[in-house]
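One gets the working numbering by counting positions in the sequence shown from 1 and adding 71 to each. We put the beta carbon where it would ideally sit given N, CA and C, even for glycine.
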Amino acid sequence: MSEKIKNEKGGISVETEHIFPIIKRWLYSDKEIFLREIVSNASDAITKLQRLISLGEVRDLEFDGKITVSVSKKARTITVSDNGLGMDADEVKKYIGNIALSGALEFIQKYEGESEGATDGIIGHFGLGFYSAFMVADKVDVISRSYRGGDAVKWECNDEGSYEMTTPYDKEDRGTDIVMHINGEGEEYLDAFKLKGVLEKYCSFMPIEIYFVDEDAEVKEGEEKEEEKPINDTLPLWQKNPSECTDEEYKAFYHKVFGDFNDPLFWLHIKADYPLNFKGILYFPKLTHEFASLEGQVKLYYNQVFVADNIKEVIPEYLLMLRGVLDCPELPLNVSRSYLQTNGYVDKISAHIVKKVADKVNSLFKNDRENFEKMWGDIRTFCEYAALCDRKFYDKAKDSLLMEVVHGSHVTLAEYLEAAKETNENTVYYANDVELQAQYISMLEAKNIKVVKFTQMIDTQFVQMLENVNENVKFKRVDSDIVDALKGEGEAEHSEKLEKLFREAAGNEKLVVKCEKLSDTTIPAILSFSEESRRMEDMMKLYSMNGMNIGGGFTAENSLVVNVENPLIKKLSEDDGENSALLAKQIYSLAVLSQRRFDENEMRDFLAASYEVLSKLS
Ligand code: ADP
72 MSEKIKNEKG GISVETEHIF PIIKRWLYSD KEIFLREIVS NASDAITKLQ
122 RLISLGEVRD LEFDGKITVS VSKKARTITV SDNGLGMDAD EVKKYIGNIA
172 LSGALEFIQK YEGESEGATD GIIGHFGLGF YSAFMVADKV DVISRSYRGG
222 DAVKWECNDE GSYEMTTPYD KEDRGTDIVM HINGEGEEYL DAFKLKGVLE
272 KYCSFMPIEI YFVDEDAEVK EGEEKEEEKP INDTLPLWQK NPSECTDEEY
322 KAFYHKVFGD FNDPLFWLHI KADYPLNFKG ILYFPKLTHE FASLEGQVKL
372 YYNQVFVADN IKEVIPEYLL MLRGVLDCPE LPLNVSRSYL QTNGYVDKIS
422 AHIVKKVADK VNSLFKNDRE NFEKMWGDIR TFCEYAALCD RKFYDKAKDS
472 LLMEVVHGSH VTLAEYLEAA KETNENTVYY ANDVELQAQY ISMLEAKNIK
522 VVKFTQMIDT QFVQMLENVN ENVKFKRVDS DIVDALKGEG EAEHSEKLEK
572 LFREAAGNEK LVVKCEKLSD TTIPAILSFS EESRRMEDMM KLYSMNGMNI
622 GGGFTAENSL VVNVENPLIK KLSEDDGENS ALLAKQIYSL AVLSQRRFDE
672 NEMRDFLAAS YEVLSKLS
């Protein structure tokens with residue numbers, strides 16, 4: 072080595088002692104991001120050198136950028152090496168030894184009150200990225216040699232912020248090695264398998280090839296410790312031109328990134344140019360059940376570096392039901408996530424995505440209705456949720472939104488209303504439990520009225536929304552206010568006698584009993600609800616399921632519609648046979664049974680009464 076070794080000691084700067092503990096405390100919950108930060112710096116160093124070459128500022132140099140991440144449990148080190156532009160001693164002092172303190176201090180003052188995690192993803196953009204290494208290391212060495220030649224340098228810094236610099240240092244190749252001496256906090260990352268997992272999570276699509284090395288691995292003679300293939304794909308699919316990507320590539324990318332063996336239903340490759348400047352692929356996954364749809368995953372990247380999954384501030388919440396990748400190099404990540412919410416750029420990204428998604432839904436509907444109907448079950452929750460959350464989505468996609476018809480296929484709202492003109496103008500009948508409501512459904516079907524299925528939780532709100540935006544249209548559940556639709560000819564007279572009999576049978580003196588002539592004479596009685604009060608009850612149930620205490624239950628008003636055209640009812644209204652009470656009780660129970668499930672007592676009473684009926688038949 073050179074005879075004049077310069078050895079310099081120092082402290083990073085006055086404020087450093089404030090910064091180290093804060094880095095440790097704040098980033099504690101997400102300490103694995105140190106790897107992303109250090110590897111990103113390596114990647115930046117290579118990109119910068121490549122840019123200098125392409126600008127002609129560096130001549131006679133050609134190289135393949137390469138980053139190596141190596142770990143040795145024995146030596147307790149993790150090393151990230153690059154062949155980028157490197158630094159000389161002055162540069163190390165300037166860029167690393169002197170944290171961009173003004174920025175850092177501002178950052179600390181601004182976000183000191185924020186919860187842990189709120190700052191994830193931004194640290195790197197404050198010139199603090201390098202220091203995130205101290206979350207897992209008690210000492211970090213920077214060994215570097217500049218592309219300009221000159222002496223190499225070794226800079227060693229401990230976790231109290233004091234450093235030692237040695238130059239010249241013995242390093243032949245251009246570039247930088249960052250050697251992290253791992254402390255107790257970082258123990259888990261010394262495990263090669265774990266470390267590689269973290270590397271894959273953040274760096275799978277970085278633009279420079281990254282090789283992984285387990286220094287402690289035993290290798291046979293002639294073999295290398297370094298893995299043969301890079302861990303990353305330097306040109307991820309979203310960066311390519313949609314016209315150059317095949318279906319197979321889209322599917323393979325989906326399987327790989329989301330670990331789902333099923334094929335996605337369809338996808339959307341978005342490339343927004345200036346000024347939005349973002350790219351991404353959104354997939355509509357195949358669902359197995361309603362709630363599966365709420366477990367989507369949208370991965371956010373910043374110039375091919377993974378930032379985080381499902382950041383609500385950047386991606387409208389309902390899009391988080393989908394799966395996909397979004398690369399937003401313009402994201403102002405350097406401020407804070409709360410800032411992102413009000414940032415115009417983010418709103419524009421959302422608006423752009425929403426428009427593209429609606430366009431896609433519309434084109435699938437228009438171009439291949441049959442296939443679209445087949446996949447409707449998988450995408451309806453998404454579409455309904457999107458329509459609920461974003462009126463713009465609804466307005467754009469409304470003519471493609473389908474409703475499933477019981478015993479039929481699918482219709483749009485406009486198609487339903489058109490077909491209903493004669494029978495049930497401006498009223499949509501729906502069932503939320505096709506088995507339970509079978510009788511009501513057949514009664515309506517007998518009148519040529521179509522019933523659609525709204526069986527999911529979200530439908531309560533969706534129906535409400537449809538009514539709000541389509542002023543004249545009413546939605547009625549099949550057991551609600553349906554009597555008009557089912558009436559036969561002529562008016563029925565009210566019967567005090569039947570009222571009394573059924574109130575006694577129901578054990579409810581306030582039961583509203585209405586006499587009607589229904590066209591289906593085989594049915595003695597049905598229960599009918601006011602749609603409004605039933606919805607109220609549904610809402611209350613939903614609230615209390617969500618843990619809201621609204622005090623007491625709310626029961627929808629119902630009435631018993633007695634069909635005076637039915638022979639049994641005729642008999643009951645004419646004479647007082649010895650079996651009248653038992654008959655009325657059974658008729659009432661059956662009306663309840665065709666509307667909802669019995670409670671425990673009702674079930675017991677019903678069975679006992681049924682046995683009594685049977686014994687009378689024997
Ligand atoms: P940031 O990357 O946000 O600027 P860092 O604290 O991570 O902040 O790094 C500070 C500076 O140190 C970088 O801007 C860069 O100039 C320099 N640097 C860090 N790592 C490397 C590296 N591997 N090669 C060359 N320069 C580096």
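Rounded distance between the beta-carbons of residue j and residue i, thought under 8 Å
i, j, result
"residue 584", "residue 631", "5 Å"
"residue 456", "residue 540", "No, residue 456 and residue 540 are not in contact; Cβ-Cβ is about 15 Å, not under 8 Å."
"residue 484", "residue 474", "7 Å"
"residue 155", "residue 119", "7 Å"
"residue 655", "residue 589", "So it is not a contact: roughly 17 Å between Cβ atoms."
"residue 305", "residue 341", "Contact flag wrong, Cβ pair sits at about 21 Å."
"residue 665", "residue 510", "4 Å"
"residue 658", "residue 595", "5 Å"
"residue 598", "residue 552", "Contact flag wrong, Cβ pair sits at about 12 Å."
"residue 450", "residue 332", "Not a contact, Cβ separation roughly 19 Å."
"residue 426", "residue 370", "Rounded, the Cβ-Cβ distance is 21 Å, inconsistent with contact."
"residue 495", "residue 556", "6 Å"
"residue 281", "residue 242", "With 8 Å as the limit, residue 281 and residue 242 do not qualify as a contact, their Cβ atoms being about 20 Å apart."
Where residue i falls: helix, strand or coil (DSSP)
i, result
"residue 398", "strand"
"residue 348", "coil"
"residue 207", "coil"
"residue 340", "strand"
"residue 478", "coil"
"residue 78", "strand"
"residue 585", "strand"
"residue 370", "strand"
"residue 441", "helix"
"residue 149", "strand"
"residue 137", "strand"
"residue 109", "helix"
"residue 376", "strand"
"residue 142", "strand"
"residue 285", "strand"
"residue 195", "Low local confidence applies: a pLDDT of 44 at residue 195 is under 50, so the model's placement there is unreliable, with the coordinate-based value given in what follows. Three-state DSSP puts residue 195 in a helix."
"residue 118", "helix"
"residue 483", "strand"
"residue 295", "coil"
"residue 308", "helix"
"residue 453", "helix"
"residue 353", "strand"
"residue 473", "strand"
"residue 156", "coil"
"residue 324", "helix"
Cα-Cα separation, residue i to residue j
i, j, result
"residue 680", "residue 629", "23 Å"
"residue 395", "residue 352", "5 Å"
"residue 524", "residue 270", "47 Å"
"residue 78", "residue 140", "28 Å"
"residue 130", "residue 298", "31 Å"
"residue 447", "residue 636", "42 Å"
"residue 438", "residue 479", "21 Å"
"residue 232", "residue 80", "11 Å"
"residue 644", "residue 568", "7 Å"
"residue 740", "residue 482", "This structure cannot speak to residue 740, because the chain is shown only from 72 to 689."
"residue 386", "residue 660", "51 Å"
"residue 591", "residue 515", "10 Å"
"residue 582", "residue 575", "9 Å"
"residue 470", "residue 603", "27 Å"
"residue 350", "residue 545", "41 Å"
"residue 505", "residue 548", "11 Å"
"residue 463", "residue 454", "12 Å"
"residue 499", "residue 445", "22 Å"
"residue 676", "residue 497", "41 Å"
Any chance you could list the alpha helix (DSSP H) runs of at least 4 consecutive residues sitting entirely within the stretch 497-570, in chain order? 509-517, 530-540, 554-557
Whole alpha helix (DSSP H) elements within the stretch 596-683, 4-residue minimum: 602-616, 638-645, 651-664
Mind the definition here: the stretch 370-380 touches the stretch 270-282 only if three or more C-beta pairs lie below 8 Å; say whether that holds. yes
Mind pulling the beta strand (DSSP E) runs of 3 or more residues that sit fully within the stretch 201-283? 208-216, 223-229, 233-240, 246-253
Determine contact between the stretch 240-252 and the stretch 102-117, defined as no fewer than three beta-carbon pairs at a distance below 8 Å. yes
Meets three-Cβ-pair contact criterion under 8 Å: the stretch 141-151 and the stretch 285-299: yes
Do the stretch 203-223 and the stretch 251-259 make contact, defined as three or more Cβ pairs closer than 8 Å? yes
Take every Cβ of the stretch 386-401, pair it with every Cβ of the stretch 417-436, and state whether three or more of those distances are shorter than 8 Å. yes
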